[in-house]
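Novice: Mind looking over this structure? Questions follow.
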Amino acid sequence: MNRYYKILQLNPLFEGMSEEKTGEVLKLLKGRTVSYRKGECMHRQGEPVKNFGMVLSGIAQVCCDDYDGNRVIMAEVRPGRTFGESLCYLGIEDPVVYIYASEDSDILWLSLDRLFEKNRDDLASEMQKRFITLLATRTLQMNNRIQVLSKLSIREKLIMYFSELATEEGHGTFTVPLNREDLAAYIGANRSALSRELSKMKKEGIIDYYGNTFRIITNRP
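Going by our numbering, the first residue of the sequence shown is number 1406, and it counts up by one from there.
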């Protein structure tokens, strides 16, 4: 696990911990690493969620299908981030969500069993607080996701999403971490309609892009 120490440090659960203490926490949370090939399912619809996952390498996509059977990407989880925390904490299954590897991935599966025992020790108490912080952080991230989906038009959704990415990068040029098919699934749109809207926005001088590198044009006439 030492080779993933820097990745673990990106997450509130492990941030600021020494390697020695990180090892103790991984034992406490019954950490186990599983490798998945691209396209392999990590969690199927209706399965009970007994553990939550942290991406160590690769990408995990949390998805559901809309009324017409089209895939909608609820979250794209990259190294250092987690998924399934709330369902694991509540101990319930989700009848609609499924998770799969969008590229070859290593996933660290973690258990909450010892964090909420009545007679927990100091380390477990600390990790319980860190887990609650993690849940709060994920809630804020999901709020951003809802803001994108709540927009009525493809253009509004794209502008909201691109603005979030630009804010994260700290300037108007940024990389979209999704291909066109996945971007369409992320904003709940048809791929052809998405491509048309991107072309229109480029012609109108709202954005510029080449491949997955985008720029929001702020000084428009």
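Note that CB positions come from ideal geometry on N, CA and C, so glycine has one too.
If you draw a straight line from the alpha carbon of Y1505 to that of M1447, how long is it in whole angstroms?
Specialist: Along the sequence shown, one-based indexing puts residue 1505 at 100. Along the sequence shown, one-based indexing puts residue 1447 at 42. In a straight line, the C-alpha of Y1505 is about 5 Å away from that of M1447.
Novice: Skipping 5 residues on each side, what residues in its chain have a beta carbon closer than 6 Å to that of D1499?
Specialist: Against the sequence shown, residue 1499 aligns to sequence position 94. The beta carbon of D1499 sits closer than 6 Å to the beta carbons of L1492 from its chain, once the five residues preceding and following it are set aside; these are given in chain order.
Novice: Quick one: Cα of R1625 to Cα of I1611, how far?
Specialist: In the sequence shown, counting from the first residue as 1, residue 1625 sits at position 220. In the sequence shown, counting from the first residue as 1, residue 1611 sits at position 206. Reliability of the predicted coordinates at R1625 is poor, the pLDDT of 48 falling under 50, and no value is obtained from them.
Novice: Which one of L1433, G1463, L1434 has the shortest CA to CA distance from I1412?
Specialist: Translated into positions along the sequence shown, residue 1412 becomes position 7. Closest option to I1412, Cα to Cα, is G1463.
Novice: Name the DSSP beta bridge partners of R1476, please?
Specialist: Counted from its first residue, the sequence shown places residue 1476 at position 71. In the DSSP output, where bridge partners are listed per residue, R1476 has D1470.
Novice: Please identify the residue among D1518, R1442, R1486 whose C-alpha is closest to the C-alpha of V1454.
Specialist: Along the sequence shown, read from residue 1 onward, the residue named residue 1454 stands at position 49. The shortest Cα separation from V1454 among D1518, R1442, R1486 belongs to D1518.
Novice: In angstroms, rounded to a whole number, what distance separates the CA positions of E1425 and L1520?
Specialist: Residue mapping note: residue 1425 aligns to position 20 of the sequence shown, counting from 1. Residue mapping note: residue 1520 aligns to position 115 of the sequence shown, counting from 1. Going from the Cα of E1425 to the Cα of L1520 covers about 19 Å.
Novice: For a quick check, are the C-beta atoms of Y1591 and E1481 less than 9 Å apart?
Specialist: Against the sequence shown, residue 1591 aligns to sequence position 186. Against the sequence shown, residue 1481 aligns to sequence position 76. A contact, by the Cβ cut-off of 9 Å.
Novice: Judging by CA-CA distance, which residue of R1596, S1423, F1419 is the nearest neighbour of G1539?
Specialist: Along the sequence shown, one-based indexing puts residue 1539 at 134. The question names Gly, but residue 1539 is Leu in the sequence shown. Checking every option, the nearest Cα to that of L1539 belongs to F1419.
Novice: If you drop the 5 nearest sequence neighbours on each side, which residues of the same chain put their C-beta closer than 7 Å to that of A1571?
Specialist: The residue you call residue 1571 lines up with position 166 of the sequence shown. So the qualifying residues of the chain are G1577, F1579, I1621.
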